[in-house]
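Participant: Sharing a structure, written as C-alpha cells. Questions coming.
2 protein chains.
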Amino acid sequence: MDNNYTYEEISSQVKSWKENFDVIIGEKTKISTDLFSKDFDRIIFFGCGTSYNLAMASSFFTNTVSGFDSIALPSSELLFNSETYIDKGKNYLLVGYSRSGETTESIEVINKFKNQEKIRTFAFTCREKNSFIDVSENHYVCRGAEEKSIAMTRSFSSMLFSYCIMLTRYLDNKDRLKEFSGLCTYLESKIPLLFGEVKEYIDANDFNSYFALGSGFNYPLAVEADLKMKEMSRIPEYSYHIFEFNHGPKALLSEDCLVLFLTISKKLRNVDIIVDEIIKNRSKIAIIGKGIKDLKKGGNIRFFLEDASFEDELVESFINIPVFQI
Amino acid sequence: MDNNYTYEEISSQVKSWKENFDVIIGEKTKISTDLFSKDFDRIIFFGCGTSYNLAMASSFFTNTVSGFDSIALPSSELLFNSETYIDKGKNYLLVGYSRSGETTESIEVINKFKNQEKIRTFAFTCREKNSFIDVSENHYVCRGAEEKSIAMTRSFSSMLFSYCIMLTRYLDNKDRLKEFSGLCTYLESKIPLLFGEVKEYIDANDFNSYFALGSGFNYPLAVEADLKMKEMSRIPEYSYHIFEFNHGPKALLSEDCLVLFLTISKKLRNVDIIVDEIIKNRSKIAIIGKGIKDLKKGGNIRFFLEDASFEDELVESFINIPVFQI
Chain A
231 MDNNYTYEEI SSQVKSWKEN FDVIIGEKTK ISTDLFSKDF DRIIFFGCGT SYNLAMASSF
291 FTNTVSGFDS IALPSSELLF NSETYIDKGK NYLLVGYSRS GETTESIEVI NKFKNQEKIR
351 TFAFTCREKN SFIDVSENHY VCRGAEEKSI AMTRSFSSML FSYCIMLTRY LDNKDRLKEF
411 SGLCTYLESK IPLLFGEVKE YIDANDFNSY FALGSGFNYP LAVEADLKMK EMSRIPEYSY
471 HIFEFNHGPK ALLSEDCLVL FLTISKKLRN VDIIVDEIIK NRSKIAIIGK GIKDLKKGGN
531 IRFFLEDASF EDELVESFIN IPVFQI
Chain B
231 MDNNYTYEEI SSQVKSWKEN FDVIIGEKTK ISTDLFSKDF DRIIFFGCGT SYNLAMASSF
291 FTNTVSGFDS IALPSSELLF NSETYIDKGK NYLLVGYSRS GETTESIEVI NKFKNQEKIR
351 TFAFTCREKN SFIDVSENHY VCRGAEEKSI AMTRSFSSML FSYCIMLTRY LDNKDRLKEF
411 SGLCTYLESK IPLLFGEVKE YIDANDFNSY FALGSGFNYP LAVEADLKMK EMSRIPEYSY
471 HIFEFNHGPK ALLSEDCLVL FLTISKKLRN VDIIVDEIIK NRSKIAIIGK GIKDLKKGGN
531 IRFFLEDASF EDELVESFIN IPVFQI
C-alpha cells in the first residue's frame with residue numbers, strides 16, 4: 231500500500247459493502263428492477279483501468295448466475311470499434327463504471343450512444359455529482375466508497391459488490407444474498423489481522439516479480455491484483471488464467487518470484503501440476519482460501535484466509551480482494 | 231529470435247499464407263461452406279497460449295466483417311466454466327486452434343461437447359495426423375505451417391490467415407480477398423530487409439522492458455507480441471489496449487523501455503496524447519505502419535514498414551506479425 235489513505239480505504243471497504251447491501255435490499259428502492267427490467271438482448275459492461283476489470287468481473291457473474299448475455303470492454307474499444315460490438319438490429323443495456331464519474335472515454339461512450347433508441351445506459355460511480363451521471367439515463371452512487379488515493383481499492387470492491395447484490399436481488403436468490411451477508415461478517419473479523427500477516431510475509435521475502443492467477447470470476451480479480459501492484463510497487467507483475475500460465479508465461483519464473491493463486495474452484499482439475507512446476511522453479515506460492523485437496527504443504531506454499539468456507543464460490547471469491555490489495 | 235529454425239519459420243510464413251490462400255480459394259474445396267453453413271447462434275473460438283491469441287483475433291475479425299456473433303476463450307476456461315459460456319437452448323460452433331493437435335485442454339474441450347446435439351466442432355491445426363483432428367467433426371490442416379521451434383510463429387500467422395480467408399471467401403468479399411493477395415506480395419518483398427532493420431534497432435538500444443499496444447484486431451496481436459517476447463527474451467513485457475495504457479500501466483515506464491504501437495487505425499483519436507506521455511518519460515517508441523497524422527518525428531520514434539498502404543485496415547494489421555516476431 232502506498233499511504234495511510236489507502237490503508238484506511240482498504241480497512242473500511244466491508245463497511246461500505248454493508249451500507250450498499252442495506253440500500254439495495256431496502257424495500258423502498260427499486261434499483262434492481264430499474265436496471266434489469268428493460269428489454270435488451272445483451273448487456274455491455276465498460277470502464278477504464280480498474281473499472282474495466284470491474285466490468286469483466288460483472289460480466290462473468292452475470293453470465294454465470296442469470297440467463298442474460300453479456301460482454302465486457304474497455305471504454306475506448308467500445309468507443310472506437312462500435313461497428314464490431316453494436317449490431318443495429320439488437321437492443322443493448324450499457325453499464326459503465328467510473329469512480330470519479332469524470333473518466334473521458336467512459337463519458338464519451340454514453341454521449342455516443344445515448345440517443346439511440348435501442349440502447350439503454352446505466353452508470354455506477356462513487357460520487358454524488360459528476361458528468362457520467364449527468365449523461366446517463368440511470369445511475370447508482372456507491373455509498374461510502376469515495377477515495378482520496380489515486381489507486382482504486384474500496385471503490386473497486388464496493389461497485390462490484392453493489393452490482394452483484396442488485397442482480398442477486400433481481401433474481402430473488404435468497405441463499406446467495408445470505409452468503410453475501412455472511413461474507414461481510416467473516417471479512418470484518420479477519421481484515422485487522424490480515425494486514426499484519428500479509429505485510430510480514432512480504433517483508434520476510436524479497437520478491438522481484440509477481441504472478442496473479444485465477445480462473446472464471448477470479449481472472450478479472452487477478453488482473454486487478456496485477457494492476458494494483460503495477461501502480462503501487464512498480465515491479466514486474468503479470469496476470470493469467472490459471473492454466474494459460476503453462477502455455478508460455480512460466481518462462482519468466484525465477485527464484486525470487488511469488489505466484490499468487492486466487493481462490494481455487496472445486497471444478498478445476500490438475501492445478502497440482504502447475505503448483506509442482508512452480509515449486510520446481512524455486513518460486514514461492516501464496517494461495518488464498520483453502521486451496522486444493524492433497525496439496526503438500528511446505529515452506530514454499532503460504533495460505534491466507536484458509537478457514538474461509540462458503541457454499542457459493544462466486545461469493546467466496548470476494549475474500550481475494552483485501553488480500554491482494556494489501 | 232532464439233535460433234535458426236525460428237528465423238527460417240518467420241521468413242517463410244508468407245509462402246505458407248499463399249499456399250493456404252490457393253487451397254481455400256480453389257474451386258474444388260468447399261471448406262468455407264462446410265465451416266459456416268451450419269445453423270448456429272454463436273461461434274466460440276478457443277485455444278491455449280498463442281492459439282488463444284489466435285482465437286481472440288479470429289473473433290474480432292468475425293464480429294467486424296460478418297453478422298455472426300462470436301467470443302474467444304482459453305480452452306481451460308471453456309472446459310471448467312462451461313455453465314457460464316454454454317446456454318443449453320442455443321446452437322454453437324466451436325472452432326479450436328492447436329498447432330500440434332495434441333494440446334490436452336483443447337482436446338478435452340472437444341471430447342466434452344462433441345456428442346451434444348446443438349454443438350458443432352471444427353479444428354485448425356498444422357499437422358496431418360493428430361488427436362485434435364480425430365475427435366473433431368471437421369478440420370483444416372494449414373499447409374506449410376508446421377514448425378520445429380517451441381515458439382509458434384509461422385503456425386500462428388498461417389492459421390489466422392487461413393481462417394480469415396475462409397470467412398472472406400464465404401462472405402464473397404472479392405475486394406478484401408484482393409487486399410489479402412496484395413498483402414502477400416508486399417510482405418514478400420519487405421521481409422528480407424526487415425530482419426536487418428529490426429535487429430539493428432534492437433541491438434543499438436539496450437531495452438530492459440517492452441510494451442506492445444494495439445486496439446481492435448491489433449489487441450490480440452499485441453498480446454501475442456508480448457507472449458513471444460516472454461518466451462524468447464525473458465525480459466519484462468506487457469500488452470494493453472492502446473488507451474488502457476494510460477489507466478495504470480504507464481506507471482512502469484522508464485528510460486530503457488520500448489513501447490511498440492501496432493498499426494494505428496484512422497478511427498482512433500488522441501493517440502498523440504499517449505505518445506507525448508511516453509516521450510516525456512524518456513522511453514522509446516516504435517510504430518508499425520504509417521502511424522498518425524502530424525506526429526512529430528524525432529530520435530525517440532522509429533517507424534517500420536511505413537510505406538504500407540492498404541484500403542482495408544484488418545488486412546493491413548497482418549504486417550505487424552513479422553515485425554514483432556523478429
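Protein sequences, first through last, are from chains A and B.
One point on numbering: in our numbering, the residue at position 17 of the first sequence is 247, and numbering is uninterrupted.
One point on numbering: in our numbering, the residue at position 193 of the second sequence is 423, and numbering is uninterrupted.
For every residue, glycine included, the Cβ atom is placed at its ideal position computed from N, Cα and C.
Computed from a predicted model, the values in this text were never measured in an experiment.
Check the Cβ-Cβ distances between Tyr282 (chain B) and every residue of chain A, and say whether any is below 8 Å.
Facilitator: Residue numbering aside, residue 282 (chain B) sits at position 52 when the second sequence is read from its first letter. Look at Tyr282 (chain B): its C-beta is under 8 Å from a C-beta on chain A.
Participant: For Lys359 (chain A), which of A:Ser330, A:Ser336, A:Ala375 and A:Ser387 has the nearest alpha-carbon?
Facilitator: For the purposes of this step, residue 359 (chain A) is taken as residue 129 along the first sequence, with counting starting at 1. The option with the nearest alpha carbon to Lys359 (chain A) is A:Ser330.
Participant: Rounded to a whole number of angstroms, what is the C-alpha to C-alpha distance between Lys378 (chain A) and Ser281 (chain A)?
Facilitator: In the first sequence, the residue the question calls residue 378 (chain A) occupies position 148. In the first sequence, the residue the question calls residue 281 (chain A) occupies position 51. For Lys378 (chain A) and Ser281 (chain A), the distance between alpha carbons rounds to 17 Å.
Participant: How about Ala381 (chain A) and Met462 (chain A): are their beta carbons less than 8 Å apart?
Facilitator: Within the first sequence, numbered from 1, the residue matching residue 381 (chain A) stands at position 151. Within the first sequence, numbered from 1, the residue matching residue 462 (chain A) stands at position 232. In this structure, Met462 (chain A) lies closer than 8 Å to Ala381 (chain A) by Cβ.
Participant: May I ask which residues mark the beginning and end of the alpha helix (DSSP H) holding Glu430 (chain B)?
Facilitator: On the second sequence, position 200 is the one that residue 430 (chain B) refers to. First-last of the alpha helix (DSSP H) with Glu430 (chain B): Lys404 to Ala434.
Participant: Tell me, please, whether the stretch 338-347 of chain A touches the stretch 501-516 of chain B by the rule of three or more beta-carbon pairs shorter than 8 Å.
Facilitator: no
Participant: With a cut-off of 8 Å on the beta carbons, I'd call Leu323 (chain A) and Phe270 (chain A) a contact; round off their distance for me.
Facilitator: Taking the first residue of the first sequence as position 1, residue 323 (chain A) is located at position 93. Taking the first residue of the first sequence as position 1, residue 270 (chain A) is located at position 40. Contact flag correct, Cβ pair sits at about 4 Å.
Participant: Which residue or residues does DSSP assign as beta-bridge partners of Glu467 (chain A)?
Facilitator: Numbered from its first residue, the first sequence carries residue 467 (chain A) at position 237. Its beta-bridge partners are A:Tyr440.
Participant: Determine, for Glu546 (chain A), whether the minimum Cβ-Cβ distance to residues of chain B falls below 8 Å.
Facilitator: Your numbering for residue 546 (chain A) matches position 316 in the first sequence. Closer than 8 Å: no.
Participant: Tell me, please, which residues DSSP counts as bridged to Pro304 (chain A).
Facilitator: Residue 304 (chain A) sits at position 74 when you count from the first residue of the first sequence. DSSP lists A:Gly277 as partners of Pro304 (chain A).
Participant: Would Ile363 (chain A) pass as a contact of Thr355 (chain A) if the rule is Cβ separation under 8 Å?
Facilitator: Taking the first residue of the first sequence as 1, we reach residue 363 (chain A) at position 133. Taking the first residue of the first sequence as 1, we reach residue 355 (chain A) at position 125. Going by C-beta atoms, Ile363 (chain A) is nearer than 8 Å to Thr355 (chain A).
Participant: Round the Cβ separation of Lys514 (chain B) and Leu488 (chain B) to the nearest angstrom and send it over; I've been treating them as touching at under 8 Å.
Facilitator: What you label residue 514 (chain B) is simply residue 284 of the second sequence in a count that begins at 1. What you label residue 488 (chain B) is simply residue 258 of the second sequence in a count that begins at 1. About 5 Å; that satisfies the 8 Å criterion.
Participant: Could you have a look at Asn558 (chain A) and say whether DSSP puts it in helix, strand or coil?
Facilitator: The question about residue 558 (chain A) has no answer here: the residues shown for chain A are numbered 231 through 556.
Participant: With DSSP run on the structure shown, which of helix, strand or coil describes Ile337 (chain B)?
Facilitator: Start at 1 with the first residue of the second sequence, and residue 337 (chain B) comes out as number 107. In the three-state reduction of the DSSP assignment, Ile337 (chain B) falls in the helix class, which pools H, G and I.
Participant: Alpha carbon to alpha carbon, how far is His471 (chain A) from Tyr449 (chain A)?
Facilitator: Along the first sequence, read from residue 1 onward, the residue named residue 471 (chain A) stands at position 241. Along the first sequence, read from residue 1 onward, the residue named residue 449 (chain A) stands at position 219. The C-alpha of His471 (chain A) lies about 6 Å from the C-alpha of Tyr449 (chain A).
Participant: In this structure, does DSSP put Ala381 (chain A) in helix, strand or coil?
Facilitator: For this step, residue 381 (chain A) is matched to residue 151 along the first sequence. Coil.
Participant: Below 8 Å on the Cβ atoms is my guess for Ser387 (chain B) versus Ile551 (chain B); work out the distance and round it to an integer in Å.
Facilitator: The count along the second sequence starts at 1 and reaches residue 387 (chain B) at position 157. The count along the second sequence starts at 1 and reaches residue 551 (chain B) at position 321. Indeed, because the Cβ distance is near 5 Å, the residues count as touching under 8 Å.
Participant: Counting pairs of Cβ atoms below 8 Å between the stretch 473-483 of chain A and the stretch 279-297 of chain B, do you hit three or more?
Facilitator: yes
Participant: Around the C-beta of Leu308 (chain A), are 16 or more other C-beta atoms found within 10 angstroms, so that it is buried, or is it exposed?
Facilitator: Residue 308 (chain A) sits at position 78 when you count from the first residue of the first sequence. Label assigned to Leu308 (chain A): buried.
Participant: Give the interface partners of Phe298 (chain B) over in chain A, defined as CB-CB distance under 7 Å, in chain order.
Facilitator: The count along the second sequence starts at 1 and reaches residue 298 (chain B) at position 68. At a beta-carbon threshold of 7 Å, none of the residues of chain A lie near Phe298 (chain B); the nearest stands roughly 10 Å away.
Participant: Using only the alpha-carbon positions, how far apart do Tyr315 (chain B) and Leu397 (chain A) sit?
Facilitator: If you number the second sequence from 1, residue 315 (chain B) lands on position 85. If you number the first sequence from 1, residue 397 (chain A) lands on position 167. If you take the alpha carbons of Tyr315 (chain B) and Leu397 (chain A), they lie about 18 Å apart.
Participant: Ser296 (chain B) by DSSP, collapsed to three states: which one?
Facilitator: Along the second sequence, one-based indexing puts residue 296 (chain B) at 66. Coil at Ser296 (chain B), not helix or strand.
Participant: Comparing C-alpha positions only, which one of A:Ser419, A:Ala434, A:Ser411 and A:Val428 sits nearest to Glu541 (chain A)?
Facilitator: For the purposes of this step, residue 541 (chain A) is taken as the residue at position 311 of the first sequence. Of A:Ser419, A:Ala434, A:Ser411 and A:Val428, the residue nearest in Cα terms is A:Ser411.
Participant: At which residues does the beta strand (DSSP E) containing Leu490 (chain A) begin and terminate?
Facilitator: As a position in the first sequence, residue 490 (chain A) is number 260, starting the count at 1. Unbroken beta strand (DSSP E) run through Leu490 (chain A): Cys487 to Phe491.
Participant: Does Lys514 (chain B) come out as helix, strand or coil in the three-state DSSP assignment?
Facilitator: As a first step, residue 514 (chain B) must be located in the second sequence, where it is residue number 284. Correct three-state label for Lys514 (chain B): strand.
Participant: Does the stretch 418-434 of chain A come into contact with the stretch 286-302 of chain A, if we say contact requires no fewer than three beta-carbon pairs (one atom in each stretch) closer than 8 Å?
Facilitator: no
Participant: Is Lys260 (chain B) close to chain A? Criterion is C-beta to C-beta, closer than 8 Å.
Facilitator: Locating residue 260 (chain B) in the second sequence gives position 30, where the first residue counts as 1. Not one chain A Cβ lies under 8 Å of Lys260 (chain B).
Participant: Is the shortest distance between the beta-carbon of Thr478 (chain A) and the beta-carbons of chain B less than 8 Å?
Facilitator: Here residue 478 (chain A) is taken as the residue at index 248 of the first sequence, counted from 1. Reading off the sequence shown, one finds Gly at residue 478 (chain A), where the question assumed Thr. Taking Cβ atoms only, chain B reaches closer than 8 Å to Gly478 (chain A), which makes this a yes.
Participant: How many angstroms separate the CA atom of Asp317 (chain A) from the CA atom of Ile301 (chain B)?
Facilitator: If you number the first sequence from 1, residue 317 (chain A) lands on position 87. If you number the second sequence from 1, residue 301 (chain B) lands on position 71. Approximately 15 Å, taken between the alpha carbons.
Participant: On the CB-based measure, 16 or more other CB atoms within 10 Å of its CB, does Ala434 (chain B) come out buried or exposed?
Facilitator: Your numbering for residue 434 (chain B) matches position 204 in the second sequence. Exposed, because fewer than 16 other Cβ atoms sit within 10 Å of the Cβ of Ala434 (chain B).
Participant: Check distances from the C-beta atoms of the stretch 449-470 of chain A to those of chain B and list, in chain order, the residues that come in under 7 Å.
Facilitator: Leu457, Lys460, Glu461, Arg464 and Pro466
Participant: Do Gln555 (chain A) and Lys458 (chain A) have their beta-carbon atoms positioned less than 8 Å apart in this structure?
Facilitator: On the first sequence, position 228 is the one that residue 458 (chain A) refers to. On the first sequence, position 325 is the one that residue 555 (chain A) refers to. For Lys458 (chain A) and Gln555 (chain A), yes; Cβs fall inside 8 Å.
Participant: Rounded to whole angstroms, how far is the Cβ of Phe447 (chain B) from the Cβ of Ser296 (chain B), which I believe are closer than 8 Å?
Facilitator: Counted from its first residue, the second sequence places residue 447 (chain B) at position 217. Counted from its first residue, the second sequence places residue 296 (chain B) at position 66. That belief does not hold up - the Cβ atoms of Phe447 (chain B) and Ser296 (chain B) are roughly 14 Å apart, past 8 Å.
Participant: Along chain B, which residues have their Cβ under 8 Å away from the Cβ of Glu313 (chain A)?
Facilitator: Residue 313 (chain A) sits at position 83 when you count from the first residue of the first sequence. Correct list: Thr294.
Participant: Would you mind working out which of B:Ser328, B:Arg384, B:Asn368 and B:Asp486 sits nearest Phe276 (chain B), comparing C-alpha positions?
Facilitator: Start at 1 with the first residue of the second sequence, and residue 276 (chain B) comes out as number 46. With distances taken between Cα atoms, Phe276 (chain B) lies closest to B:Ser328.
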